[in-house]
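Inspection log for the structure reproduced underneath, given as C-alpha coordinates.
Residue numbers (the numbering used here): 2 to 420.
Here it is in C-alpha coordinates:
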(Lines of atoms letter the chains of each structure in order from A and count residues from 1; the text may use other names and numbers.)
(Lines give C-alpha, C1' and ligand atoms only; values in the text may rest on other atoms or scores of the structure.)
Protein backbone atom coordinates (compact mmCIF):
# COMPACT_ATOMS: atom_id res chain seq x y z
CA UNK A 1 0.00 0.00 0.00
CA UNK A 2 1.29 3.48 -0.90
CA UNK A 3 2.90 5.45 1.89
CA UNK A 4 1.95 9.11 2.30
CA UNK A 5 4.54 11.68 3.32
CA UNK A 6 4.47 15.18 4.71
CA UNK A 7 7.41 17.55 4.11
CA UNK A 8 7.70 18.30 7.84
CA UNK A 9 7.10 14.80 9.19
CA UNK A 10 10.75 14.16 9.93
CA UNK A 11 11.73 17.64 11.09
CA UNK A 12 8.82 19.26 12.91
CA UNK A 13 9.40 19.69 16.63
CA UNK A 14 7.25 20.20 19.69
CA UNK A 15 8.83 23.64 20.17
CA UNK A 16 7.96 24.75 16.64
CA UNK A 17 4.35 23.63 16.94
CA UNK A 18 3.93 25.45 20.26
CA UNK A 19 5.51 28.57 18.76
CA UNK A 20 3.01 28.44 15.87
CA UNK A 21 0.14 28.19 18.34
CA UNK A 22 1.42 31.16 20.34
CA UNK A 23 1.74 33.20 17.13
CA UNK A 24 -1.97 32.61 16.43
CA UNK A 25 -3.08 34.03 19.78
CA UNK A 26 -3.94 37.59 18.61
CA UNK A 27 -5.95 36.31 15.64
CA UNK A 28 -7.80 33.72 17.71
CA UNK A 29 -8.80 36.32 20.29
CA UNK A 30 -9.94 38.69 17.57
CA UNK A 31 -12.08 35.93 16.03
CA UNK A 32 -13.51 34.51 19.27
CA UNK A 33 -16.76 36.50 19.19
CA UNK A 34 -17.31 35.73 15.50
CA UNK A 35 -16.65 32.05 16.19
CA UNK A 36 -19.40 32.10 18.81
CA UNK A 37 -21.78 33.87 16.48
CA UNK A 38 -21.09 31.47 13.63
CA UNK A 39 -21.48 28.48 16.00
CA UNK A 40 -18.69 26.63 14.19
CA UNK A 41 -14.97 26.70 13.53
CA UNK A 42 -14.30 29.66 11.24
CA UNK A 43 -12.85 28.94 7.78
CA UNK A 44 -9.82 31.13 8.45
CA UNK A 45 -9.07 29.30 11.70
CA UNK A 46 -9.49 25.95 9.96
CA UNK A 47 -6.99 27.12 7.33
CA UNK A 48 -4.53 28.31 9.98
CA UNK A 49 -4.70 24.98 11.82
CA UNK A 50 -4.17 23.07 8.58
CA UNK A 51 -1.26 25.24 7.50
CA UNK A 52 0.39 24.82 10.91
CA UNK A 53 -0.01 21.04 10.77
CA UNK A 54 -1.99 20.88 14.02
CA UNK A 55 -4.42 18.24 12.75
CA UNK A 56 -1.48 15.92 11.99
CA UNK A 57 0.19 15.94 15.43
CA UNK A 58 -1.08 12.48 16.44
CA UNK A 59 -1.64 11.15 12.91
CA UNK A 60 0.55 8.21 11.76
CA UNK A 61 3.57 9.11 9.62
CA UNK A 62 2.70 6.46 7.05
CA UNK A 63 -0.54 8.35 6.40
CA UNK A 64 0.89 11.86 6.24
CA UNK A 65 1.08 12.72 9.92
CA UNK A 66 3.77 13.79 12.40
CA UNK A 67 3.24 10.86 14.84
CA UNK A 68 4.03 12.98 17.88
CA UNK A 69 2.67 12.44 21.37
CA UNK A 70 -0.52 13.23 23.20
CA UNK A 71 1.53 15.60 25.35
CA UNK A 72 2.47 17.70 22.30
CA UNK A 73 -1.20 17.91 21.27
CA UNK A 74 -2.11 19.17 24.74
CA UNK A 75 0.63 21.80 24.86
CA UNK A 76 -0.48 23.15 21.48
CA UNK A 77 -4.13 23.10 22.51
CA UNK A 78 -3.43 25.00 25.70
CA UNK A 79 -1.94 27.88 23.71
CA UNK A 80 -4.84 27.81 21.25
CA UNK A 81 -7.28 27.83 24.17
CA UNK A 82 -5.74 31.04 25.48
CA UNK A 83 -7.22 32.61 22.38
CA UNK A 84 -10.47 30.72 21.83
CA UNK A 85 -11.81 27.81 23.86
CA UNK A 86 -14.17 26.63 21.13
CA UNK A 87 -11.40 26.55 18.53
CA UNK A 88 -9.19 24.58 20.93
CA UNK A 89 -11.96 22.05 21.53
CA UNK A 90 -12.40 21.57 17.79
CA UNK A 91 -8.66 21.05 17.45
CA UNK A 92 -8.84 18.40 20.18
CA UNK A 93 -11.64 16.51 18.46
CA UNK A 94 -10.66 16.89 14.81
CA UNK A 95 -6.91 16.68 15.34
CA UNK A 96 -6.92 14.28 18.27
CA UNK A 97 -9.23 11.83 16.54
CA UNK A 98 -6.66 11.35 13.79
CA UNK A 99 -5.02 9.19 16.47
CA UNK A 100 -8.22 7.14 16.70
CA UNK A 101 -8.22 6.44 12.96
CA UNK A 102 -4.62 5.22 13.17
CA UNK A 103 -5.21 3.18 16.34
CA UNK A 104 -8.66 1.79 15.70
CA UNK A 105 -9.07 0.81 12.07
CA UNK A 106 -7.39 -1.78 9.83
CA UNK A 107 -5.03 -0.60 7.11
CA UNK A 108 -7.54 -0.56 4.26
CA UNK A 109 -9.93 1.66 6.22
CA UNK A 110 -7.11 3.98 7.34
CA UNK A 111 -6.04 4.51 3.73
CA UNK A 112 -9.64 5.24 2.75
CA UNK A 113 -10.30 7.69 5.60
CA UNK A 114 -7.00 9.58 5.46
CA UNK A 115 -7.30 9.81 1.68
CA UNK A 116 -4.71 10.68 -0.92
CA UNK A 117 -3.51 13.75 0.99
CA UNK A 118 -3.76 12.47 4.55
CA UNK A 119 -6.37 15.14 5.24
CA UNK A 120 -9.00 13.72 7.57
CA UNK A 121 -11.30 15.62 9.91
CA UNK A 122 -13.56 13.17 11.72
CA UNK A 123 -15.54 13.86 14.88
CA UNK A 124 -16.59 10.70 16.71
CA UNK A 125 -19.04 9.97 19.48
CA UNK A 126 -18.38 6.76 21.37
CA UNK A 127 -21.87 6.58 22.85
CA UNK A 128 -24.46 4.50 20.91
CA UNK A 129 -27.14 6.99 22.01
CA UNK A 130 -30.00 4.61 21.29
CA UNK A 131 -28.87 3.78 17.76
CA UNK A 132 -28.92 0.29 16.29
CA UNK A 133 -27.26 -1.65 13.51
CA UNK A 134 -27.88 -4.98 11.83
CA UNK A 135 -25.36 -7.33 10.30
CA UNK A 136 -25.80 -7.50 6.53
CA UNK A 137 -23.72 -8.98 3.74
CA UNK A 138 -20.31 -7.28 3.84
CA UNK A 139 -20.94 -5.05 6.86
CA UNK A 140 -23.66 -3.34 8.86
CA UNK A 141 -26.79 -1.29 8.26
CA UNK A 142 -26.88 1.56 10.79
CA UNK A 143 -29.74 3.82 11.90
CA UNK A 144 -29.51 6.46 14.60
CA UNK A 145 -28.94 10.02 15.78
CA UNK A 146 -25.79 11.15 17.55
CA UNK A 147 -25.60 14.58 19.22
CA UNK A 148 -22.52 16.57 20.26
CA UNK A 149 -20.54 16.04 17.04
CA UNK A 150 -18.01 18.83 17.55
CA UNK A 151 -16.60 20.27 14.34
CA UNK A 152 -19.11 18.46 12.14
CA UNK A 153 -19.56 21.50 9.85
CA UNK A 154 -15.95 21.26 8.63
CA UNK A 155 -15.59 17.47 8.79
CA UNK A 156 -15.16 15.16 5.81
CA UNK A 157 -15.92 11.99 7.83
CA UNK A 158 -17.84 11.17 10.99
CA UNK A 159 -17.78 8.25 13.39
CA UNK A 160 -20.09 6.85 16.03
CA UNK A 161 -20.89 3.82 18.14
CA UNK A 162 -23.97 1.70 17.58
CA UNK A 163 -25.55 -1.29 19.31
CA UNK A 164 -25.85 -4.48 17.25
CA UNK A 165 -29.36 -6.00 17.08
CA UNK A 166 -30.56 -9.30 15.64
CA UNK A 167 -33.28 -9.77 13.02
CA UNK A 168 -36.17 -9.34 15.47
CA UNK A 169 -34.46 -6.15 16.66
CA UNK A 170 -33.30 -7.41 20.03
CA UNK A 171 -29.89 -6.23 21.32
CA UNK A 172 -27.14 -8.84 20.98
CA UNK A 173 -24.95 -7.23 23.63
CA UNK A 174 -22.35 -6.25 21.04
CA UNK A 175 -21.51 -2.79 19.72
CA UNK A 176 -19.45 -1.34 16.89
CA UNK A 177 -17.67 1.95 16.31
CA UNK A 178 -17.91 2.92 12.66
CA UNK A 179 -16.77 5.62 10.24
CA UNK A 180 -18.64 7.06 7.27
CA UNK A 181 -18.17 9.91 4.75
CA UNK A 182 -19.81 13.10 5.91
CA UNK A 183 -22.23 13.20 2.97
CA UNK A 184 -23.78 9.93 4.15
CA UNK A 185 -25.15 11.58 7.29
CA UNK A 186 -27.71 14.33 7.86
CA UNK A 187 -26.55 17.23 10.03
CA UNK A 188 -29.23 18.73 12.29
CA UNK A 189 -28.63 22.35 13.27
CA UNK A 190 -29.43 22.08 16.99
CA UNK A 191 -26.36 23.56 18.73
CA UNK A 192 -27.87 26.43 20.74
CA UNK A 193 -26.16 26.33 24.12
CA UNK A 194 -24.73 28.30 27.03
CA UNK A 195 -21.03 27.97 26.25
CA UNK A 196 -18.57 26.50 23.75
CA UNK A 197 -20.92 27.80 21.11
CA UNK A 198 -18.23 27.89 18.45
CA UNK A 199 -17.66 24.13 18.54
CA UNK A 200 -20.65 23.50 16.29
CA UNK A 201 -21.40 20.29 18.22
CA UNK A 202 -24.53 19.43 16.27
CA UNK A 203 -26.41 16.18 15.78
CA UNK A 204 -25.86 13.84 12.84
CA UNK A 205 -28.38 11.20 11.79
CA UNK A 206 -28.45 8.18 9.47
CA UNK A 207 -31.19 5.91 8.18
CA UNK A 208 -30.25 2.40 7.06
CA UNK A 209 -26.68 3.49 6.27
CA UNK A 210 -24.47 0.71 4.91
CA UNK A 211 -21.08 0.57 6.61
CA UNK A 212 -18.57 -1.95 5.21
CA UNK A 213 -16.90 -4.36 7.60
CA UNK A 214 -13.51 -2.64 7.26
CA UNK A 215 -14.93 0.57 8.75
CA UNK A 216 -16.76 -1.06 11.67
CA UNK A 217 -14.68 -1.88 14.75
CA UNK A 218 -16.07 -4.23 17.44
CA UNK A 219 -16.27 -2.29 20.71
CA UNK A 220 -14.95 -5.33 22.53
CA UNK A 221 -11.50 -5.07 20.94
CA UNK A 222 -11.37 -1.41 22.03
CA UNK A 223 -12.22 -2.31 25.61
CA UNK A 224 -9.57 -5.07 25.58
CA UNK A 225 -6.89 -2.75 24.11
CA UNK A 226 -6.59 -4.98 21.03
CA UNK A 227 -7.41 -2.45 18.33
CA UNK A 228 -6.56 -3.31 14.68
CA UNK A 229 -4.60 -0.11 14.07
CA UNK A 230 -1.83 -1.22 16.41
CA UNK A 231 -0.98 -3.91 13.85
CA UNK A 232 -0.50 -1.25 11.17
CA UNK A 233 1.21 1.58 13.04
CA UNK A 234 3.96 0.29 15.35
CA UNK A 235 4.55 3.47 17.35
CA UNK A 236 3.50 2.94 21.01
CA UNK A 237 1.14 5.93 20.69
CA UNK A 238 -1.35 3.74 18.81
CA UNK A 239 -1.57 1.33 21.73
CA UNK A 240 -3.00 3.92 24.10
CA UNK A 241 -6.22 2.83 25.82
CA UNK A 242 -9.09 4.77 24.31
CA UNK A 243 -10.58 5.95 27.61
CA UNK A 244 -7.29 7.39 28.87
CA UNK A 245 -6.49 9.04 25.55
CA UNK A 246 -9.88 10.67 25.07
CA UNK A 247 -10.06 11.99 28.63
CA UNK A 248 -6.75 13.83 28.23
CA UNK A 249 -7.45 14.80 24.63
CA UNK A 250 -10.03 17.53 25.29
CA UNK A 251 -8.69 18.83 28.62
CA UNK A 252 -6.22 21.24 27.04
CA UNK A 253 -9.15 23.40 25.96
CA UNK A 254 -10.13 23.84 29.63
CA UNK A 255 -6.60 24.78 30.70
CA UNK A 256 -6.29 27.24 27.84
CA UNK A 257 -9.61 28.81 28.80
CA UNK A 258 -8.45 29.24 32.41
CA UNK A 259 -5.22 30.89 31.29
CA UNK A 260 -7.22 33.11 28.93
CA UNK A 261 -9.37 34.24 31.86
CA UNK A 262 -6.24 35.11 33.85
CA UNK A 263 -4.89 37.07 30.89
CA UNK A 264 -8.18 38.98 30.65
CA UNK A 265 -8.15 39.83 34.37
CA UNK A 266 -4.52 40.97 34.09
CA UNK A 267 -5.49 43.34 31.28
CA UNK A 268 -8.42 44.71 33.29
CA UNK A 269 -6.15 45.41 36.24
CA UNK A 270 -3.72 47.33 34.05
CA UNK A 271 -6.36 49.48 32.34
CA UNK A 272 -9.37 49.82 34.67
CA UNK A 273 -9.25 52.85 37.00
CA UNK A 274 -10.08 52.53 40.67
CA UNK A 275 -13.26 54.40 41.49
CA UNK A 276 -12.47 57.19 43.97
CA UNK A 277 -14.76 59.71 45.60
CA UNK A 278 -12.08 62.36 45.38
CA UNK A 279 -8.80 62.43 43.54
CA UNK A 280 -6.52 65.15 42.32
CA UNK A 281 -6.35 65.70 38.59
CA UNK A 282 -3.86 63.28 37.00
CA UNK A 283 -3.82 61.08 40.12
CA UNK A 284 -5.65 58.11 38.55
CA UNK A 285 -5.01 54.77 40.18
CA UNK A 286 -5.57 51.43 38.47
CA UNK A 287 -6.81 48.09 39.77
CA UNK A 288 -3.29 46.64 39.69
CA UNK A 289 -2.38 49.02 42.52
CA UNK A 290 -4.99 47.48 44.84
CA UNK A 291 -3.45 44.73 47.03
CA UNK A 292 -6.65 42.67 47.08
CA UNK A 293 -6.79 42.64 43.29
CA UNK A 294 -3.19 41.48 43.02
CA UNK A 295 -3.96 38.67 45.45
CA UNK A 296 -7.01 37.63 43.42
CA UNK A 297 -5.10 37.52 40.15
CA UNK A 298 -2.36 35.49 41.81
CA UNK A 299 -4.94 33.04 43.16
CA UNK A 300 -6.56 32.55 39.74
CA UNK A 301 -3.18 32.30 38.02
CA UNK A 302 -1.79 29.63 40.33
CA UNK A 303 -4.94 27.52 39.93
CA UNK A 304 -4.60 27.67 36.14
CA UNK A 305 -0.85 26.99 36.28
CA UNK A 306 -1.42 24.00 38.56
CA UNK A 307 -4.01 22.62 36.14
CA UNK A 308 -1.57 23.09 33.26
CA UNK A 309 1.27 21.33 35.06
CA UNK A 310 -0.97 18.42 36.11
CA UNK A 311 -2.39 17.92 32.62
CA UNK A 312 0.95 18.04 30.81
CA UNK A 313 2.48 15.72 33.42
CA UNK A 314 -0.41 13.29 33.00
CA UNK A 315 -0.07 13.29 29.20
CA UNK A 316 3.68 12.75 29.44
CA UNK A 317 3.15 10.00 31.97
CA UNK A 318 0.79 8.15 29.64
CA UNK A 319 3.30 8.47 26.79
CA UNK A 320 6.12 7.21 29.02
CA UNK A 321 4.11 4.16 30.06
CA UNK A 322 3.18 3.44 26.44
CA UNK A 323 6.85 3.37 25.49
CA UNK A 324 7.59 1.14 28.47
CA UNK A 325 4.64 -1.23 28.04
CA UNK A 326 4.43 -1.61 24.23
CA UNK A 327 7.69 -3.54 23.68
CA UNK A 328 6.60 -6.22 26.15
CA UNK A 329 2.94 -6.25 25.18
CA UNK A 330 1.74 -4.93 28.54
CA UNK A 331 -1.67 -3.25 28.72
CA UNK A 332 -2.86 -0.48 31.01
CA UNK A 333 -4.68 -1.78 34.04
CA UNK A 334 -8.22 -0.77 34.88
CA UNK A 335 -6.91 1.26 37.81
CA UNK A 336 -4.30 3.05 35.68
CA UNK A 337 -6.96 4.11 33.21
CA UNK A 338 -9.26 5.25 36.02
CA UNK A 339 -6.41 7.22 37.59
CA UNK A 340 -5.94 9.17 34.36
CA UNK A 341 -9.64 10.06 34.46
CA UNK A 342 -9.39 11.08 38.11
CA UNK A 343 -6.41 13.36 37.54
CA UNK A 344 -7.98 14.97 34.49
CA UNK A 345 -11.20 15.59 36.41
CA UNK A 346 -9.07 17.42 38.99
CA UNK A 347 -7.59 19.48 36.16
CA UNK A 348 -11.09 20.51 35.10
CA UNK A 349 -12.09 21.42 38.67
CA UNK A 350 -8.98 23.60 39.01
CA UNK A 351 -9.84 25.36 35.76
CA UNK A 352 -13.41 26.02 36.86
CA UNK A 353 -12.15 27.49 40.11
CA UNK A 354 -9.58 29.64 38.31
CA UNK A 355 -12.09 31.09 35.84
CA UNK A 356 -14.67 31.63 38.58
CA UNK A 357 -12.10 33.60 40.59
CA UNK A 358 -11.11 35.70 37.61
CA UNK A 359 -14.70 36.46 36.61
CA UNK A 360 -15.79 37.45 40.11
CA UNK A 361 -12.69 39.57 40.68
CA UNK A 362 -13.08 41.50 37.43
CA UNK A 363 -16.27 43.23 38.49
CA UNK A 364 -19.64 43.66 36.85
CA UNK A 365 -18.21 45.06 33.63
CA UNK A 366 -16.95 41.55 32.76
CA UNK A 367 -20.52 40.24 32.76
CA UNK A 368 -21.61 42.12 29.63
CA UNK A 369 -22.18 40.27 26.38
CA UNK A 370 -19.02 40.06 24.30
CA UNK A 371 -16.58 40.36 27.18
CA UNK A 372 -13.86 37.65 27.06
CA UNK A 373 -14.32 36.79 30.73
CA UNK A 374 -18.03 36.21 30.31
CA UNK A 375 -17.27 33.86 27.42
CA UNK A 376 -14.57 32.08 29.48
CA UNK A 377 -17.04 31.53 32.32
CA UNK A 378 -19.69 30.08 30.03
CA UNK A 379 -17.13 27.95 28.20
CA UNK A 380 -15.51 26.45 31.29
CA UNK A 381 -18.82 25.48 32.85
CA UNK A 382 -19.87 23.91 29.56
CA UNK A 383 -16.65 21.89 29.42
CA UNK A 384 -17.06 20.78 33.03
CA UNK A 385 -20.50 19.34 32.24
CA UNK A 386 -18.99 16.68 29.95
CA UNK A 387 -19.69 13.22 31.38
CA UNK A 388 -16.09 12.06 30.96
CA UNK A 389 -14.71 15.05 32.89
CA UNK A 390 -16.88 15.08 36.00
CA UNK A 391 -15.18 14.58 39.36
CA UNK A 392 -18.03 12.53 40.88
CA UNK A 393 -17.92 9.97 38.07
CA UNK A 394 -14.11 9.92 38.03
CA UNK A 395 -13.78 9.32 41.75
CA UNK A 396 -16.30 6.49 41.64
CA UNK A 397 -14.58 4.83 38.66
CA UNK A 398 -11.20 5.08 40.38
CA UNK A 399 -12.50 3.82 43.72
CA UNK A 400 -14.17 0.80 42.14
CA UNK A 401 -11.02 -0.01 40.15
CA UNK A 402 -8.72 0.53 43.11
CA UNK A 403 -10.62 -1.94 45.28
CA UNK A 404 -11.40 -4.35 42.44
CA UNK A 405 -15.15 -3.79 42.71
CA UNK A 406 -17.88 -3.72 40.10
CA UNK A 407 -20.56 -1.07 40.12
CA UNK A 408 -23.97 -2.57 41.04
CA UNK A 409 -25.48 -0.26 38.41
CA UNK A 410 -23.32 -1.50 35.51
CA UNK A 411 -25.28 -3.96 33.35
CA UNK A 412 -22.51 -4.23 30.75
CA UNK A 413 -19.38 -2.38 29.76
CA UNK A 414 -19.86 0.33 27.17
CA UNK A 415 -17.96 3.33 25.92
CA UNK A 416 -20.82 5.71 26.73
CA UNK A 417 -18.96 7.55 29.48
CA UNK A 418 -16.31 8.78 27.03
CA UNK A 419 -18.71 9.66 24.21
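Virtual Cβ for every residue (Gly too), placed ideally from N, Cα, C.
Every alpha helix (DSSP H) stretch that sits fully inside the stretch 230-297 and reaches 4 residues is listed by chain position as 243-250 and 252-272. Around the beta carbon of residue 165, 16 or more other beta carbons lie within 10 angstroms, which makes this residue buried. Straight-line measurement puts the Cα of residue 334 at about 42 angstroms from the Cα of residue 39. The Cβ-Cβ distance between residue 21 and residue 73 does not fall below 7 angstroms.
Excluding the 5 residues flanking it on each side, residue 78 has same chain C-beta neighbours closer than 7 angstroms at 89, 92, 93, 253, 254 and 257, in chain order.
By alpha-carbon distance to residue 363, the top candidate from 275, 408 and 339 is 275. Counting the other Cβ atoms within 10 Å of the Cβ of residue 236 gives 16 or more, which makes it buried.
Note on geometry: alpha-carbon atoms of residue 9 and residue 55 lie some 12 angstroms from one another. Per DSSP, residue 46 is one residue of the alpha helix (DSSP H) stretching across 44-53. Taking a 10 Å sphere around the C-beta of residue 376, we find 16 or more other C-beta atoms and assign the residue as buried. By the criterion of at least three beta-carbon pairs nearer than 8 angstroms, the stretch 59-71 is in contact with the stretch 107-123. Going by beta carbons, residue 103 and residue 230 fall inside the 7 angstroms limit. Under the 10 Å beta carbon count, residue 286 is surrounded by fewer than 16 other beta carbons and is classified as exposed. Our two residues, residue 155 and residue 193, have alpha carbons roughly 18 angstroms apart in a direct line. Scanning 105, 69 and 95 for the CA closest to the CA of residue 242 turns up 105.
Taking a C-beta distance under 7 angstroms as the contact criterion, residue 180 and residue 196 do not qualify as a contact pair. A residue is called buried when at least 16 other Cβ atoms come within 10 angstroms of its Cβ; residue 407 does not meet this threshold and is exposed.
Taking a 10 Å sphere around the C-beta of residue 404, we find fewer than 16 other C-beta atoms and assign the residue as exposed. In this structure residue 132 is in contact with residue 143, their Cβ atoms being roughly 7 angstroms apart against a cut-off of 8 angstroms. Relative to the Cα of residue 170, the nearest Cα in the group 28, 136 and 349 belongs to 136. In the three-state DSSP reduction, residue 123 falls in the coil class, being neither helix nor strand.
The distance from the Cβ of residue 107 to that of residue 233 is about 7 angstroms, consistent with a contact at the 8 angstroms cut-off. Residue 5 is bridged by DSSP to 64. In the displayed model, residue 58 falls within coil according to three-state DSSP, outside both helix and strand.
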